[in-house]
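Just so we're aligned, residue 1 is where the sequence shown starts under the UniProt record's numbering, counting upward by one. The structure appears below as C-alpha cells.
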Amino acid sequence: MSASSLGPPLRRRSLRRLAGAFGLGLLSAVVVPADQATALAPPEEPPADAEPKPEPEPEPPPTWRFRNADKPVKVVVLAGSVGAWQRDPYAQHFENWCASIEVKNLSKTGYGAYQLRRRFMDQLVANGYVNLRDPDFEYWLVFQGGLNSVAMPEKTNKEIRQLFLSAHQRGIEVVALSLTPWGDESDSRRWKGLAGLAYKADTQKIVDFELGRLSPREALGRYVEVRDDPDAPWDPAELADVGVDLYDSPLRDPNAPLRDIAKLREQLERSKHWQKRYAELDETTRELALDEQAQRAAELPRWYLREELRSFDHIHPNEHGHRLLAEVACPELPASWSCTCPERSEQP
Numbered sequence: 001m002s003a004s005s006l007g008p009p010l011r012r013r014s015l016r017r018l019a020g021a022f023g024l025g026l027l028s029a030v031v032v033p034a035d036q037a038t039a040l041a042p043p044e045e046p047p048a049d050a051e052p053k054p055e056p057e058p059e060p061p062p063t064w065r066f067r068n069a070d071k072p073v074k075v076v077v078l079a080g081s082v083g084a085w086q087r088d089p090y091a092q093h094f095e096n097w098c099a100s101i102e103v104k105n106l107s108k109t110g111y112g113a114y115q116l117r118r119r120f121m122d123q124l125v126a127n128g129y130v131n132l133r134d135p136d137f138e139y140w141l142v143f144q145g146g147l148n149s150v151a152m153p154e155k156t157n158k159e160i161r162q163l164f165l166s167a168h169q170r171g172i173e174v175v176a177l178s179l180t181p182w183g184d185e186s187d188s189r190r191w192k193g194l195a196g197l198a199y200k201a202d203t204q205k206i207v208d209f210e211l212g213r214l215s216p217r218e219a220l221g222r223y224v225e226v227r228d229d230p231d232a233p234w235d236p237a238e239l240a241d242v243g244v245d246l247y248d249s250p251l252r253d254p255n256a257p258l259r260d261i262a263k264l265r266e267q268l269e270r271s272k273h274w275q276k277r278y279a280e281l282d283e284t285t286r287e288l289a290l291d292e293q294a295q296r297a298a299e300l301p302r303w304y305l306r307e308e309l310r311s312f313d314h315i316h317p318n319e320h321g322h323r324l325l326a327e328v329a330c331p332e333l334p335a336s337w338s339c340t341c342p343e344r345s346e347q348p
C-alpha cells in the first residue's frame, strides 16, 4: 500500500472528520454540564457512498492448496500490503517458529476491508482444493488489515465484523493482528499540525474494535443496524478469538520528541471550526479542552512507526520491522500452533 492509496486528502473529508477528532476523549478529561454535552458529540461518519470505491476486479478461480499433511494447523494470512511484504515477512517468521502450522498468505496490496473480505470468500471459502470440513486439520485466519480504508473506520469495522462471522461460520478461528503504527511529519496531507488527530482517531477505532475494546455502537456507529439486536453484547463469533495489539507496541517510539504544544494550542484557538464547535462551553471548560487537544496533537509522533523499522515510507515496516512484529505477536499465538518464540531482538 502506498501513502496515496489511503484515500483522498484530509481537506476533502475534512472538517467533519476533524471535528470528530477534536471531540474524541474529551469527556474523560473535562467535566461538561449536561446542557453543553451535545457540543462534544462527534458528527456522523461521511455517507458510505460519498466517495464510492470500485468493485475489486474478479480474480481467477483459486487453484492453490495446502500440501503438507504433517502440519495439522492450516493458517491463512489476509492483510493489505504490509502483509504482502516480500522480504522476510512476518507470515514467514510464524511458519518458521511454529512447528505445527502451514501458512498460505493471501495478502493483497491496496486492498481495504471490503476487498479483503471478498478475497477471503473468493480465494478460501470458494476454493475447491481446500476442505474446511476435514477433521484432521485445524484452520485459522490471521487478519491484519483495514489501513487502506482507515478514513471510514466504522464501515471498515462493519466489514471486518462480517469477515470474522463468515470465518467462524465455517469453523475457522481468527487471530486479529491490529493495524501497525504509521504517520510522519512529512505527510502534511494527513499528519502535519492538527490534521493527524483525525487519522489517529480513525486508526485507534479500528484497532480497538479488532481487540474487542469497544461496544457494538462504538465500533460500528450507524452500521450497528446490521446486527439483529443493535444493543446486544457482542456475540463471540463477531470478534477475533485472539487479538494482538501491534499499534501500541515496540513498533512505535513512546519517547519520540513532542511537537510544540503552544503552537498547536494557538492553531486550535484560531480554528473557526473549533471556535464554533465549542462556542457554548464556558471559559474554563474551553481552556481545558484546548489543553487536552493540544497535548494529544503534540503526542502524535509517538504513534508513528519507528524510523529504523521503516522501509520505503512511514507505513511499511522493513525486514527488521517484520521480525519485531512477529516477535510481539508470537507469545499470543494459539498453543496448537506449537510456537517456539525467540527472545526479542535488539533494535537495528
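Backbone N, C-alpha and C define an ideal beta-carbon position, used for all residues, glycine too. The structure displayed is predicted, hence computed values, not measured ones.
Write down the C-beta distance between residue i and residue j rounded to the nearest angstrom, noting that I regard them as a contact closer than 8 Å.
i	j	result
residue 236	residue 328	24 Å between Cβ atoms; not a contact.
residue 195	residue 146	That pair is no contact at about 20 Å.
residue 316	residue 107	With 8 Å as the limit, residue 316 and residue 107 do not qualify as a contact, their Cβ atoms being about 12 Å apart.
residue 139	residue 160	With a Cβ gap of about 18 Å, residue 139 and residue 160 do not count as contacting.
residue 197	residue 296	7 Å
residue 216	residue 224	5 Å
residue 288	residue 180	The pair is not a contact, with the Cβ atoms about 32 Å apart (cut-off 8 Å).
What is the rounded straight-line gap between the Cα of residue i and the Cα of residue j?
i	j	result
residue 117	residue 175	15 Å
residue 279	residue 322	46 Å
residue 341	residue 92	13 Å
residue 241	residue 267	43 Å
residue 105	residue 234	29 Å
residue 88	residue 156	28 Å
residue 301	residue 255	9 Å
residue 265	residue 101	51 Å
residue 78	residue 272	42 Å
residue 62	residue 286	57 Å
residue 226	residue 314	35 Å
residue 129	residue 212	33 Å
residue 275	residue 292	15 Å
residue 283	residue 119	52 Å
residue 335	residue 141	15 Å
residue 229	residue 221	14 Å
residue 333	residue 153	26 Å
residue 312	residue 318	8 Å
residue 308	residue 253	10 Å
residue 40	residue 200	Confidence is the limiting factor: at residue 40 the pLDDT is only 30, short of 50, which leaves the residue's position unreliable, though a coordinate-based value still follows. Going from the Cα of residue 40 to the Cα of residue 200 covers about 18 Å.
residue 103	residue 70	13 Å
residue 337	residue 298	41 Å
residue 170	residue 150	27 Å
residue 60	residue 115	15 Å
State buried or exposed for residue i, treating a residue as buried only when at least 16 other CB atoms are found within 10 Å of its CB.
i	result
residue 64	exposed
residue 110	exposed
residue 350	Not covered by the structure: residue 350. The range shown for the chain is 1 to 348.
residue 83	buried
residue 238	buried
residue 58	exposed
residue 178	buried
residue 345	exposed
residue 121	exposed
residue 331	exposed
residue 148	buried
residue 190	buried
residue 187	buried
residue 127	buried
residue 86	exposed
residue 269	exposed
residue 277	buried
Would you give the residue range spanned by the beta strand (DSSP E) that residue i belongs to?
i	result
residue 96	Run containing residue 96: none in the beta strand (DSSP E); it sits in the alpha helix (DSSP H), 90-97.
residue 101	101-105
residue 224	Looking at the DSSP string, residue 224 is not in any beta strand (DSSP E), and its letter there is neither H nor E.
residue 243	242-244
residue 324	Looking at the DSSP string, residue 324 is not in any beta strand (DSSP E); the run it does join, the alpha helix (DSSP H), is 319-329.
Along the alpha helix (DSSP H) that carries residue i, what are the first and last residues, could you check?
i	result
residue 78	Looking at the DSSP string, residue 78 is not in any alpha helix (DSSP H); the run it does join, the beta strand (DSSP E), is 73-79.
residue 261	261-270
residue 309	Run containing residue 309: none; DSSP gives neither H nor E here.
residue 283	283-298
Quick one: is the Cβ of residue i within less than 8 Å of any heavy atom of the ligand COA?
i	result
residue 167	In the structure on display, the ligand COA does not appear, and there are no ligands present to speak of.
query: What alpha helix (DSSP H) runs, 4 residues minimum, are completely inside the segment 119-156?
result: Listed in chain order, the alpha helix (DSSP H) elements of length 4 or more contained wholly in the segment 119-156 amount to none.
query: What residue ranges within the segment 165-235 form continuous alpha helix (DSSP H) runs of no fewer than 4 residues, ordered along the chain?
result: Counting whole runs of 4 or more residues, the segment 165-235 contains the alpha helix (DSSP H) stretches 196-210 and 216-220.
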